[in-house]
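Some notes on the structure that comes next.
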Amino acid sequence: MKSAALRFPDLVARTPMRTHAVLTKYTSLRSYYPIFGGITPPAFEVAGVYSMLLQEAYLDYKTVSKNLQVLAFEVSASKMKLFTSSEYRQQVEETKKNKAREAARRMKAVEAINKDLPSEGVDSPSSTDSNTPKSNQEDSKPAANTQTKDITKKSEDASVTDPVDTTPNKAAGPYHWQPINITKEYKATLQGLEEARSMVRTFLVRIVQEINILNRHPELALETDRIQPHMSPFIFKELLPVGQPLTPDEEQERELANVTDQIDKVKAQKDDASTL
């Protein structure tokens, strides 16, 4: 190892062009143009950025697939129960509302206690302050109304813009994907989890195929209207079932249900044996 390290400077001095090729960008090399002269360097640059985004989506979907596998194992072992995404969001909103009600109730209780306590060193509001002239309040109301009307009018004027043609022009490329737009949430069952995993596998395969296409045709990354081989992993995760751990009572009910099922199976086997 030491002798190889000591020979390295001499070898570099003997082959300067090879060292220059390693340290220089490919667009500055003379050998690049006769071999890859038909492909522009920006295509490679954009294809590299696009490939990096595809890699991030691939890693996200790999994580989703692993989480679905773990969730399916926990559900089959009767350790978790499944909820659809809409049911889970509804539960979250209900818990938030309950917490807000509890906080408001506590605030009212604290205010009631503070009212009963004697106030020392606090001057009572004067009659002149409490009985403010109503004319000033009534004069301020029309001004506020006019301001709100002006604001709403400005917002309406800002929202009304010139129509823009958003229909993409179909690019002439050798490979194009059919879009996959999933709008329905998956069922809160093991079958729903398996369907989600199969869709994740489809997305992973399509991402790998897209990378292979970019290797042969990097100019396709410049297409602004190119259909993605996958949907956004963040939107996809909003449609997946959510698992929550079972409470001790629910675990006992599951275990009793499993025991009763086993007993029924044994009785059925005995009845079949007696009939034979």
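In full-length UniProt numbering, the protein residues as written are 1 to 276.
Quick reminder that beta carbons are idealized off the backbone N, C-alpha and C, glycines included.
What's the call for residue i, buried or exposed, on a 16-neighbour Cβ count within 10 Å?
i	result
residue 200	buried
residue 192	buried
residue 92	exposed
residue 218	buried
residue 57	buried
residue 266	exposed
residue 166	Bear in mind that the predicted position of residue 166 carries a pLDDT of just 36, short of 50, making it unreliable; the figure below should be weighed with that in mind. Result: exposed.
residue 72	buried
Between the beta-carbon of residue i and the beta-carbon of residue j, is there less than 8 Å?
i	j	result
residue 209	residue 229	yes
residue 278	residue 242	Nothing can be reported for residue 278, as the shown portion of the chain is limited to 1 through 276.
residue 75	residue 240	no
residue 204	residue 61	yes
residue 221	residue 47	yes
residue 68	residue 196	yes
residue 64	residue 237	yes
From this set, the options, which residue's C-alpha is nearest residue i's C-alpha?
i	options	result
residue 212	50, 1, 63	50
residue 235	185, 247, 193, 175	185
residue 290	9, 55, 45	Residue 290 lies beyond the stretch modelled for the chain, which goes from 1 to 276, so this question has no answer here.
residue 70	110, 3, 244	244
residue 223	275, 175, 262	175
residue 215	30, 8, 14, 45	45
residue 194	98, 30, 1, 66	66
residue 231	113, 178, 102	178
residue 227	268, 181, 262, 7	181
Using three-state DSSP, classify residue i as helix, strand or coil.
i	result
residue 81	strand
residue 178	coil
residue 69	helix
residue 233	helix
residue 244	strand
residue 91	helix
residue 239	coil
residue 143	Because residue 143 carries a pLDDT of 48, less than 50, the predicted location of this residue cannot be relied on, and the following value inherits that uncertainty. Helix at residue 143.
residue 227	coil
residue 202	helix
residue 275	helix
residue 185	coil
residue 30	coil
residue 1	coil
* **Sufficient close CB pairs (3 or more, under 8 Å) joining the stretch 69-86 to the stretch 186-193** => Contact between the stretch 69-86 and the stretch 186-193 is present, because at least three Cβ pairs lie under 8 Å.
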